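The opening position of the sequence shown corresponds to residue 2 in the working numbering, with each subsequent residue numbered one higher.
Please read the structure below before turning to the comments.
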Amino acid sequence: MSLTNAPDPEIRKQVVKQDLENVLHPIVQHRALEQSQMVITGGQGSTITDADGSTYLDAMAGLWCVNIGYGRTELAQVAAEQMQQIAYYPHTAMNLPAAQLGEMLNAQMGGGYHTYFVNSGSEANEAGFKIARQYVKHEYPNDFRFKTISRYYAYHGTTLATLAAGGMGDRKGKFEPYAGEFVHVPAPTCYRCPLGLEYPTCGVACAKAIETTILGEGPQTVAEVIVEPIMSGVGVAVPPPEYHPMVEAICRKYDVLLHVDEVINGFGRTGKMFGHQHYGISPDIMAVAKGIVSAYLPIAATMVKNRVFESFLGEVAEERQVMQVNTYGGHPVAAAVAVRNIEIMLEERLPQRAAEMGDYLMNGLRETLMKHGICGDVRGKGLLIGIELVTDRASKTQLPGALVGGVVAFCRAAGVIVGRSGGGARHSNTIVLSPPLVITRSECDTLIEVLDKALAMTVAKMAGNG
Ligand SMILES: Cc1ncc(COP(=O)(O)O)c(C=O)c1O
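Here is the structure:
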C-alpha cells in the first residue's frame, strides 16, 4: 500500500477493514465508525481530503490545533534535516532546537519564563500541577498546600489528574473516583450563568467565588488556581473583561499560583499570541500545546515564571530539581518543527490575521445566523467561535442533542467540518469553530452559507417540514 493523495476506493476499503479489525479509537463510537468513516489522506490550507476524493473545509483545524494550516511541506524538510543531524537524546542534556524554542517562547511572553517540555496538553497541565506542588513544598514548608482550584465545565486534559481538575461530568464520570485535591468553582459561562445572575450587575460573582473557596478550604492548603482564558470545550465561554484580573488579584492576595491553560487559546487562535494577553494578566505557570507546532508533531510545554523557576535552583545537595522526566520531552525533531512553525506564524502575522478574519467571520455569522430563532448567541474572540443553539431565544432552552448533531452532520455532508461543545446536557448545544488561522474570506463565506442552510434545515425539521 502506498502513501498517496489520489482517491483510491480499493485502498480506502482496505484501510477501513484493517482499522475496524484492529484499532480502538478515542471518543467515537465504533458502531458509528462502522457506518461512516473518514480516511484522511491529504490536506492543504484549511482543506482536508478523504481517500474517496471528498474534500472538506476543516473549520476545527483538526482538534483546534493545525493553526498554520495543512500541507506545509517545509516542516517535513525541517524534520528530515533534524532527524539526520540528531533524532533524539534525552533532555537531561541540551539540544539546539529545544533551546531555540525555549528562547522563542520566552520572547513571546516578553521574557521572565523558563520552559519545561512535554508531549501533549494533558502532560503540560499535569507537569504544571506537579511543579506547583513541589514549589509550595519548597516555599511554604510549614503549610500543607496541595489543592488546585478549577472551574466546573473546564477541560484540561485526559489523564486522571487533568480530568479531576476538569469539570466535565460526561468526560469524567466513567473513571471515578478521583482524589479530592481539585476543588471546583462556578465557571464564567455568562449565557447560562451558573449563579443565575447577569453581567454586569452580577459584579463578576464567579470570580469572587474563588476567594470564598480559598478561604473556605484554608489558604494554607491551596497551591494554585487553573484557568483557561476563554473556555473552549464548553462552547467558547468568553469571560467578562474584569474576570481574569480579579482572579489574578485573588491569587496574589493569598500567594496562590496562577496556572493558565493556553493549550487551545495559545498561538494566535484568539487574535493575540496567547489568550491571557487580552486580559493583562501574568501566569505563574502556563500550559501550551497544539498550536505550538500546529500538530505537525507531538510537543507541548509547561512554562514557569522565573520566580517559580528560581525555587528549583539550589545547591546540588538541596535536591530542588524538577522531580520528573519524560522520555520524549524536548524532542529535537519536534522542537525544530515547532520553531519553524512559530517563525511562520510571526512572518505571516497569523495572530493579527486571526483577529481580522475572526471579526469578519463573527460579523457574518451574527448577521446571517441570528435571523434564525434557534441561534441564541454567537460569541468568541479571533478564530475561536461558539454558536449556541436554542429552541427559542426567549427561553434559551437548549436545542435537543439530536438536532445539534443534525447540524454537524448536515455541514459534513455539505463538505464543512464543524465541532460541537461538550459539557453534558446543559452545555453541549453549541457549534464550535476553530479553523486554521490561514482560512480565507471566501472559505469564511462558505462556512457561513453552509451553517445558514443547516439552521434553516433544522428550523424546517422542528416545524415538521424537514
Ligand atoms: C484547554 C485544553 N487543555 C488541555 C487539553 C489536553 O491536550 P492534549 O489532548 O494534547 O492532551 C486540551 C485538549 O483538547 C484542551 O482543550
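Note that the Cβ used here is the ideal one computed from N, Cα and C, for glycine as well.
Computed from a prediction, not measured in an experiment: that's the story for all the values here.
Assuming M358 and I440 form a contact by the criterion Cβ under 8 Å, report the distance between their Cβ atoms to the nearest whole angstrom.
-> Looking up residue 358 in the sequence shown gives position 357. Looking up residue 440 in the sequence shown gives position 439. Separation of the CB atoms of M358 and I440 is rounded to 6 Å, and the pair is thereby assigned contact status at 8 Å.
Determine the DSSP secondary structure at T50, reduced to helix, strand or coil.
-> For the purposes of this step, residue 50 is taken as residue 49 along the sequence shown, with counting starting at 1. Reduced to three states, the DSSP call for T50 is strand.
Out of L259, A206, A224 and G219, point me to the one whose CA is closest to P241's CA.
-> Numbered from its first residue, the sequence shown carries residue 241 at position 240. Here the closest residue by C-alpha is A206.
Does DSSP put K397 in a helix, in a strand, or in coil?
-> Position 396 of the sequence shown, counting from 1, holds the residue named residue 397. Residue state, collapsed to three classes: coil.
Can you list, in chain order, the stretches of the beta strand (DSSP E) that have 3 or more residues and sit fully within the segment 155 to 222?
-> 183 to 186
From L351, S233, T190 and F310, residue whose alpha carbon lies closest to that of F268 | Residue 268 sits at position 267 when you count from the first residue of the sequence shown. That would be L351, whose Cα lies nearest to the Cα of F268.
With a cut-off of 8 Å on the beta carbons, I'd call A80 and A337 a contact; round off their distance for me.
-> In the sequence shown, residue 80 corresponds to position 79, counting from 1. In the sequence shown, residue 337 corresponds to position 336, counting from 1. That pair is a contact at about 7 Å.
How close, in whole Å, do the beta carbons of A166 and M232 come, if the pair is a contact with beta carbons under 8 Å?
-> Here residue 166 refers to the residue found at position 165 of the sequence shown. Here residue 232 refers to the residue found at position 231 of the sequence shown. In fact, because the Cβ distance is near 13 Å, the residues do not count as touching under 8 Å.
Would you say N126 touches ligand 3, meaning its beta carbon is less than 7 Å from a heavy atom?
-> For the structure depicted, ligand 3 is absent and the ligand set comprises only ligand 1.
Determine the extent of the alpha helix (DSSP H) in which T392 is found, giving its start and end residues.
-> For the purposes of this step, residue 392 is identified with residue 391 of the sequence shown, where counting begins at 1. Segment: none, T392 is in no alpha helix (DSSP H) and carries neither H nor E.
State yes or no: is the C-beta of S123 nearer than 7 Å to some heavy atom of ligand 1?
-> For the purposes of this step, residue 123 is identified with residue 122 of the sequence shown, where counting begins at 1. S123: yes, Cβ under 7 Å from ligand 1.
Going by the beta-carbon positions, is the gap between N430 and L400 smaller than 8 Å?
-> For the purposes of this step, residue 430 is taken as the residue at position 429 of the sequence shown. For the purposes of this step, residue 400 is taken as the residue at position 399 of the sequence shown. It is a contact, given that the beta carbons lie within the stated cut-off.
What three-state label does DSSP hand E127 in the structure shown?
-> For this step, residue 127 is matched to residue 126 along the sequence shown. Helix at E127.
Would you mind giving the Cβ-Cβ distance between V235 and A288, rounded to the nearest angstrom? I have them listed as a contact below 8 Å.
-> In the sequence shown, counting from the first residue as 1, residue 235 sits at position 234. In the sequence shown, counting from the first residue as 1, residue 288 sits at position 287. Actually they are not in contact, since the Cβ atoms of V235 and A288 sit about 17 Å apart, beyond 8 Å.
Residues near R367 by beta carbon distance below 6 Å, same chain, minus five either side | Here residue 367 corresponds to residue number 366 of the sequence shown, with the count starting at 1. Taken in chain order, the residues that qualify are V379.
CA nearest to the CA of S92, picked from T369, Y117 and L21 | Position 91 of the sequence shown holds residue 92. What sits at residue 92 in the sequence shown is His, not Ser. Of T369, Y117 and L21, the residue nearest in Cα terms is Y117.
By the 10 Å Cβ neighbour count, where 16 or more other Cβ atoms means buried, how is T202 classified, buried or exposed?
-> Translated into the one-based positions of the sequence shown, residue 202 becomes position 201. Looking at its Cβ environment, which holds fewer than 16 other Cβ atoms inside 10 Å, T202 is exposed.
Beta-ladder partner(s) of E117, from DSSP = Residue 117 sits at position 116 when you count from the first residue of the sequence shown. Glu is not the amino acid found at residue 117; the sequence shown has Tyr there. DSSP, once it has assigned bridges, lists T303 as partnering Y117.
How long is the line joining the alpha carbons of V40 and R270, rounded to whole angstroms?
-> Translated into positions along the sequence shown, residue 40 becomes position 39. Translated into positions along the sequence shown, residue 270 becomes position 269. Whole-angstrom Cα-Cα distance: 26 Å.
Whether P284 touches A335 by CB criterion (8 Å) = Taking the first residue of the sequence shown as position 1, residue 284 is located at position 283. Taking the first residue of the sequence shown as position 1, residue 335 is located at position 334. No, the pair does not count as a contact, with Cβ atoms beyond the cut-off.
Nearest residue (CA-CA) to A414, options R394, D393, L452 and E389 | By one-based count along the sequence shown, residue 414 stands at place 413. Comparing Cα positions, the closest option is L452.
Contact belief for Q221 with D171 at Cβ below 8 Å, rounded distance in angstroms = For the purposes of this step, residue 221 is taken as residue 220 along the sequence shown, with counting starting at 1. For the purposes of this step, residue 171 is taken as residue 170 along the sequence shown, with counting starting at 1. The Cβ separation is near 34 Å, so there is no contact.
Identity of the residue in Q45, Y71, V223 and Y90 nearest G476 by Cα | Past the edges of the chain, shown from 2 to 467, lies residue 476, and the structure says nothing about it.
Tell me, to the nearest whole angstrom, how far the beta carbon of C252 is from that of V226; I am working on the premise that it is less than 8 Å.
-> The count along the sequence shown starts at 1 and reaches residue 252 at position 251. The count along the sequence shown starts at 1 and reaches residue 226 at position 225. With 8 Å as the limit, C252 and V226 qualify as a contact, their Cβ atoms being about 6 Å apart.
Counted within 10 angstroms of its Cβ, other Cβ atoms place G113 as buried (16 or more) or exposed = As a working note, residue 113 is residue 112 in the sequence shown. Burial call: exposed.
Selection from Q135, N126 and S435 that minimises the alpha carbon distance to I224 = Reading the sequence shown from its first residue, position 223 is the one you call residue 224. The amino acid occupying residue 224 in the given sequence is Ala; Ile does not appear at that position. When only C-alpha atoms are compared, the closest one is Q135.
Alpha carbon of M2 to alpha carbon of I12, nearest angstrom = Within the sequence shown, the letter at position 1 stands for residue 2. Within the sequence shown, the letter at position 11 stands for residue 12. Model confidence at M2 stands at a pLDDT of 41, short of 50, so the residue's coordinates are unreliable; what they give is reported in the following sentence. Their Cα atoms are separated by approximately 7 Å.
Report the residue from E75, K14 and V408 whose alpha carbon sits nearest the alpha carbon of Y297.
-> Within the sequence shown, residue 297 is the residue found at index 296, counting from 1. Taking only the C-alpha atoms, the option nearest Y297 is E75.
With respect to 7 Å, is the separation between the Cβ of E357 and the closest non-hydrogen atom of ligand 1 below this value?
-> Here residue 357 is taken as the residue at index 356 of the sequence shown, counted from 1. The answer is no for E357.
How many Å lie between V239 and P436 at the Cα?
-> Stepping through the sequence shown from its first residue, residue 239 is reached at position 238. Stepping through the sequence shown from its first residue, residue 436 is reached at position 435. Cα to Cα, V239 sits roughly 18 Å from P436.
Local conformation of S3 per DSSP, three classes | Residue numbering aside, residue 3 sits at position 2 when the sequence shown is read from its first letter. Confidence in S3 is poor, its pLDDT being 43 and thus under 50, which makes the residue's placement unreliable; the coordinate value appears in the next sentence. The three-state secondary structure of S3, taken from DSSP, is coil.
Can you find a heavy atom of ligand 1 that lies under 7 Å from the Cβ of F410?
-> One-based indexing of the sequence shown puts residue 410 at position 409. Before going on, a small fix: residue 410 reads as Ala here, not Phe. No, since every heavy atom of ligand 1 falls outside the 7 Å radius drawn around the Cβ of A410.
For Q38, the nearest candidate out of V17, I28, V24 and N23 (CA to CA) = Position 37 of the sequence shown holds residue 38. The option with the nearest alpha carbon to Q38 is V17.
Span of the alpha helix (DSSP H) around V16 = Locating residue 16 in the sequence shown gives position 15, where the first residue counts as 1. From DSSP, the alpha helix (DSSP H) with V16 extends over P10 to N23.
Got a sec? Which residues, its chain only, sit under 8 Å from G465 by beta carbon, not counting five neighbours each side?
-> Here residue 465 is taken as the residue at index 464 of the sequence shown, counted from 1. Same-chain partners within the cutoff: there are none.
Could you please give me the residues that DSSP links to G44 through a beta bridge?
-> Residue mapping note: residue 44 aligns to position 43 of the sequence shown, counting from 1. Answer is I49, bridged to G44.
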